[in-house]
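First comes the structure, then the notes that go with it.
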Amino acid sequence: MPRIVSPPLDELHTLRTPLNEGERIVLDFFLRNLAEKWEIYIQPHLNGLRPDFVLINPNVGIAVYEVKHWDLDAIPYRILYKKGIPQLWATNESGIDFQVTDNPVDKVIHYRDKIINLYAPLIGQNCDEGDKSYFAIVTAGLIFTKAKTARVQKLLNPLHEKYSEKSHNYLPLVGVDELQANRLGSVFHSAQWQTSRYMKPEIADTLRGWLIEPDFAQTQRQPLELNSKQRVLATTRTQSGYRQIRGSAGSGKSLVLAYRAAMLAAEGKNVLLVTYNITLWHYLRDLVVRYPDTKIKRNKNITYTHFHEWCKNVIVNGGLKHLHDDLFASSPQKDELSKVLEHRISEIANEAIDRLQDNVGQEQNYLEKYDAILVDEGQDFNLDWWNTLRRVLKKDGEMILVVDETQDLYHQAKRWTDESMKNAGFPNRAISQLSICYRMLPRLIGYLKTFIEKFLPYANISLLNAEPTLELDVFPVTLSWIQSNSEHLIPKLCAEAALNIPQLANPDGVAFPDLILLLPDHGTGLACVNILESHKFDILHVFDKNRKEQKAKKMSFFMGDSRIKACTIHSFKGWEARYIVIAITKSTDLAAAYVAMSRLKRHHGGSYLTVVCSNPELEEYGKTWESFSRISNSRDCIVHQEIDDIPY
0 MPRIVSPPLD
10 ELHTLRTPLN
20 EGERIVLDFF
30 LRNLAEKWEI
40 YIQPHLNGLR
50 PDFVLINPNV
60 GIAVYEVKHW
70 DLDAIPYRIL
80 YKKGIPQLWA
90 TNESGIDFQV
100 TDNPVDKVIH
110 YRDKIINLYA
120 PLIGQNCDEG
130 DKSYFAIVTA
140 GLIFTKAKTA
150 RVQKLLNPLH
160 EKYSEKSHNY
170 LPLVGVDELQ
180 ANRLGSVFHS
190 AQWQTSRYMK
200 PEIADTLRGW
210 LIEPDFAQTQ
220 RQPLELNSKQ
230 RVLATTRTQS
240 GYRQIRGSAG
250 SGKSLVLAYR
260 AAMLAAEGKN
270 VLLVTYNITL
280 WHYLRDLVVR
290 YPDTKIKRNK
300 NITYTHFHEW
310 CKNVIVNGGL
320 KHLHDDLFAS
330 SPQKDELSKV
340 LEHRISEIAN
350 EAIDRLQDNV
360 GQEQNYLEKY
370 DAILVDEGQD
380 FNLDWWNTLR
390 RVLKKDGEMI
400 LVVDETQDLY
410 HQAKRWTDES
420 MKNAGFPNRA
430 ISQLSICYRM
440 LPRLIGYLKT
450 FIEKFLPYAN
460 ISLLNAEPTL
470 ELDVFPVTLS
480 WIQSNSEHLI
490 PKLCAEAALN
500 IPQLANPDGV
510 AFPDLILLLP
520 DHGTGLACVN
530 ILESHKFDIL
540 HVFDKNRKEQ
550 KAKKMSFFMG
560 DSRIKACTIH
570 SFKGWEARYI
580 VIAITKSTDL
590 AAAYVAMSRL
600 KRHHGGSYLT
610 VVCSNPELEE
620 YGKTWESFSR
630 ISNSRDCIVH
640 QEIDDIPY
């Protein structure tokens with residue numbers, strides 16, 4: 000059986016953070032000297048940590064390595080003692096002394112301890128801390144690729160010695176000379192073993208979920224691919240410059256928008272890419288960087304924002320910040336806040352635009368205009384917002400509105416009538432339609448059609464047809480429905496369902512960062528996150544009792560993060576994932592439930608969707624799913640409080 004290397008060797012050139020020269024030297028050393036049973040994981044996502052290499056042999060042990068390609072002659076490093084504690088210091092080119100806070104010795108020990116205590120708890124059960132066998136299972140090595148071992152050890156031994164003497168064989172501190180001489184025993188003492196009575200295959204299975212490359216990272220290395228119709232929309236413009244693109248989930252609307260944005264930016268055009276959802280612009284930015292032309296800086300000339308943030312920027316530049324601040328000074332309630340966001344902010348933005356236009360030719364803030372304005376989630380925009388954006392379009396510029404009426408959770412799409420479209424710059428309401436689903440699984444489409452017929456008959460939702468060549472459904476999918484008669488059980492059941500997916504997926508393996516939990520509200524979300532964190536999982540989530548904190552967390556929510564992810568259904572609108580757990584309660588809007596289920600992404604390696612439901616009206620429908628189970632309320636319950644979400 001060939002060695003497992005993740006990511007595969009033939010794809011390393013596509014990594015977003017390429018291997019530096021030192022990391023390449025170390026990788027070549029491992030490939031030359033390690034037995035085939037040793038698996039090599041390169042820059043793995045480790046629940047928020049990113050070591051350079053992790054090695055696993057299911058019968059022998061684990062190793063984690065930090066690689067430093069430091070030139071010790073270019074920057075003088077030394078150890079200084081502060082209150083008897085050794086610290087690593089250096090002097091920069093300007094002669095300024097500074098402490099090296101990224102201490103590589105402490106860093107690699109931290110990786111080791113995290114693996115032992117968190118990611119593979121079976122290790123801690125098999126060994127007593129401080130016992131030699133405890134350290135033998137997990138080697139923590141530091142490799143310098145521009146200095147010899149003697150020099151490295153002389154520099155760092157004061158930091159190294161504070162750890163147990165008997166563990167030094169398993170805390171190698173080596174230089175490039177050991178690599179050049181292929182001295183595997185010096186670099187990795189345990190690699191010479193065939194077996195270890197302390198290491199078990201179950202430990203390796205537990206750890207792999209943090210080491211295998213996430214689906215998101217794999218996808219990011221692939222250039223955008225468009226079909227013929229998508230390509231026409233992405234590479235051409237209409238005579239008027241205005242285009243509306245419609246299509247349901249999975250039809251490729253966002254791909255077209257991102258491709259067009261990158262193409263225009265490559266031509267030197269100034270592009271504004273606008274969403275309604277705070278979190279979605281991260282997704283669009285990740286699509287843009289996959290534009291096939293690698294010679295250009297894809298994000299140059301593109302401004303990513305959500306509509307209300309753009310309004311705020313215009314208002315501040317126009318000298319009306321006090322009016323914006325007044326809107327939120329009294330912490331408006333949910334209904335009042337919705338009115339503010341719906342109308343008043345765009346009104347003030349228009350006032351600011353008037354003021355900025357008067358500044359033309361003066362040495363004051365000016366109104367920034369764009370060659371192209373591209374709007375995703377157009378169904379969530381009202382006409383006033385659209386027309387406000389039109390005011391910052393350059394003459395003969397281009398505007399694209401992407402719409403999915405099936406995702407109309409804010410009930411705005413009905414306002415886009417034939418008459419209103421004429422006043423929005425669209426001649427004769429020319430619409431480009433994408434009618435084939437390229438992301439969703441054919442089997443899931445059938446279940447969603449039934450859901451729409453039963454529960455959303457008046458919602459004007461027209462599901463796409465599956466790709467014609469996929470009649471045989473070549474993409475495996477596991478669809479599970481868990482029904483509970485207790486709403487208080489939902490957080491616990493969702494946490495359990497998420498952690499069960501990697502077990503269902505064996506032997507293929509699931510990267511924990513690919514797990515997505517979609518919760519209906521912040522109270523349920525916080526309760527679920529607390530459960531997962533009690534199991535020592537770090538979670539990237541958007542939940543908070545404070546609205547300002549909610550916004551801050553949404554701004555930093557992105558798929559490339561190396562943690563399990565949890566958010567509301569609304570915050571995930573427009574995204575996609577292979578492994579999703581969805582909570583549906585009695586108060587969950589059924590249109591939102593449909594939106595959540597439509598977020599599943601197909602993959603040849605399989606996809607997993609689990610719905611945890613406490614709405615009794617959906618139970619009979621749930622029984623039609625491939626896997627159905629019913630949970631009573633006899634288990635421990637989690638009581639959660641109701642918390643208002645910001646509406647975007």
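Taking numbering that gives the first Met the number 0, the leading residue of the sequence shown gets 0, the next gets one more, and so forth. Note that the Cβ used here is the ideal one computed from N, Cα and C, for glycine as well.
Grab me the residues of residue i's own chain with a C-beta within less than 8 Å of its C-beta, minus the 5 sequence neighbours each way, in chain order.
i, result
"L455", "L589, A590 and Y593"
"S628", "S479, W480, I481 and Q482"
"L48", "H109, Y110, K113 and S561"
Three-state secondary structure (DSSP) at residue i?
i, result
"L87", "strand"
"A73", "coil"
"D560", "coil"
"Y303", "strand"
"T540", "Looking at the sequence itself, residue 540 is His, so the reference to Thr does not match. In the structure shown, H540 sits in a strand (DSSP, three-state: E or B)."
"I481", "strand"
"T609", "strand"
"S337", "helix"
"S185", "helix"
"I95", "coil"
"M420", "helix"
"G208", "helix"
"Q243", "strand"
"R220", "coil"
Report the rounded CA-to-CA distance for residue i versus residue j, giving the unit in angstroms.
i, j, result
"A595", "N269", "34 Å"
"R438", "R577", "10 Å"
"I451", "I444", "10 Å"
"G522", "C566", "11 Å"
"D560", "M554", "13 Å"
"Y303", "D292", "20 Å"
"W88", "F215", "37 Å"
"D112", "V137", "9 Å"
"N276", "E548", "16 Å"
"H242", "K421", "Note that residue 242 corresponds to Arg in the displayed sequence, not to His. Roughly 12 Å separates the two Cα atoms."
"P1", "E35", "7 Å"
"L373", "N312", "18 Å"
"Q238", "A328", "45 Å"
"L272", "K228", "22 Å"
"D27", "R562", "29 Å"
"Q219", "R182", "36 Å"
Decide if residue i is buried, meaning its Cβ has at least 16 other Cβ atoms within 10 Å, or exposed.
i, result
"V99", "exposed"
"P512", "buried"
"I84", "exposed"
"S606", "buried"
"H639", "No answer about H639 holds up, because its pLDDT of 48 lies below 50 and its placement is not dependable."
"V231", "exposed"
"G621", "buried"
"E486", "buried"
"F52", "buried"
"M198", "buried"
"M558", "buried"
"T449", "exposed"
"L648", "Residue 648 lies beyond the range of the chain shown here (0 to 647); nothing can be said about it."
"Q179", "exposed"
"V107", "buried"
"P213", "buried"
"S613", "buried"
Return yes when the C-beta of residue i is under 7 Å from any heavy atom of the ligand ADP, and no when it is not.
i, result
"T567", "The ligand ADP is absent from the structure shown, which contains no ligand whatsoever."
In chain order, what residues of the same chain have a beta carbon less than 6 Å from the beta carbon of residue i, not counting five sequence neighbours either side?
i, result
"W624", "L478 and W480"
"D370", "K268, N269, K393 and G396"
"L8", "none"
"K67", "P103 and F143"
"Q152", "L172"
"H281", "F557"
"L517", "I568, F571, I581 and A595"
Who are the near neighbours of residue i in its chain, counting only those whose CB is closer than 7 Å to its CB and skipping five residues on each side?
i, result
"R598", "F571, W574, E575, A576 and I579"
"Y258", "L223, L225, A233 and Y290"
task = Decide yes or no for the touch test of the segment 154-162 against the segment 2-18: beta carbon pairs closer than 8 Å, at least 3 of them.
result = Segments in contact, no.
query = How about the segment 223-236 and the segment 373-389: do they share at least three Cβ pairs that are nearer than 8 Å?
reply = The segment 223-236, when compared against the segment 373-389, does not touch it at the 8 Å Cβ threshold.
The segment 259-267 touching the segment 541-550, judged by at least three CB pairs closer than 8 Å = No: the two stretches stay apart, fewer than three of their Cβ pairs being nearer than 8 Å.
message = With a threshold of 8 Å, are at least 3 pairs of Cβ atoms found where one atom belongs to the segment 244-262 and the other to the segment 73-84?
response = No: the two stretches stay apart, fewer than three of their Cβ pairs being nearer than 8 Å.
Cβ contact check for the segment 336-354 and the segment 306-319: 3 or more pairs under 8 Å = With a cut-off of 8 Å, the segment 306-319 and the segment 336-354 count as touching, because enough Cβ pairs lie within range.
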